[in-house]
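Numbering (this note's numbering), first residue to last: 769 to 1041. One structure is given here, and the rest of the page talks about it.
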């Protein structure tokens, strides 16, 4: 990939943009985006891909671009949405776009895709940028738990600055619980409580299902798997990461740093173990 803006954006400007509250992965060379020759407009525009609707992507662009202008008046941002049924679909489209020569500068991506893109050498590690700009990122690292940063590492290198996380949730109908004469779940609800409540709900009749989930991995039965210390793959960790864990990034927030390494390493399937 050729390096160079027709209107250059220096790495400090782009790095500050990367820390503006997004889970971002830099494609190719962070020091010189919207490249000529290997894709990009070469116009001083940072090109970002976003998973979702274009209306949301446009709203994101309008919210962030003024901050970019404060750092570099010649810089601009273009956020393009890619629709998909899930992250797998989105990432397949991203890889197809890159293969066609239309290379983005930044991709907003979940952890499902971070290791995929990093393993294909499509991402630029943020290690040097973080190290050189720790003072600018002080507030960020004060509020970011180390477990989130470790999850965005691959082979000891940091590829993303996460802005959030989510977890599987269970919703229940208070009306159905009342109809079945069941006590509502408490913070001490156990698997046995869940099972007995499901049996009670099944007796309500009228085509009522005791429990239902989406037919996919995320948000379905995997929540039960993880809650019981299980996983689909053998778990391990890459070595490395001390450049971050032993830096000043967490000097004011050391909680959770102990035992952190260079990112999760996924091994063989556990189905037959």
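Here a beta-carbon is modelled for each residue, glycine too, at the ideal position from N, C-alpha and C. These numbers were taken from a predicted model, which means no experiment stands behind them.
Here residue 914 is buried, its C-beta having at least 16 other C-beta atoms within 10 Å.
By the 16-neighbour rule on beta-carbons within 10 angstroms, residue 918 is buried. Taking one beta carbon from each stretch, the segment 834-849 and the segment 884-897 have fewer than 3 pairs nearer than 8 Å; the two do not touch. One alpha carbon belongs to residue 878, the other to residue 929, and they sit about 11 Å apart. Pairwise C-beta distances place the segment 881-890 out of contact with the segment 843-852, as fewer than three of them are shorter than 8 Å.
By the Cβ rule, the segment 995-1004 does not count as touching the segment 1012-1027, because fewer than three pairs are nearer than 8 Å. In this structure, residue 1009 sits near residue 921, with a CB-CB distance shorter than 7 Å. Taking C-beta separations shorter than 7 Å and ignoring five residues to either side along the sequence, the partners of residue 925 in its chain run 893, 895, following chain order. DSSP places residue 921 in the strand class (E or B) of the three-state scheme.
Setting aside the 5 residues that flank it on each side, residue 910 is surrounded in the same chain by 1020, 1021, each with a C-beta closer than 8 Å to its C-beta; the list follows chain order. Secondary structure remark: continuous alpha helix (DSSP H) runs of at least 4 residues inside the segment 909-965, in chain order: 914-919, 942-947. For residue 1038, the CB contacts under 7 Å within the same chain, skipping 5 residues up- and downstream, are 999, 1000, 1001, 1002 in chain order. When DSSP states are grouped into helix, strand and coil, residue 893 belongs to the coil group.
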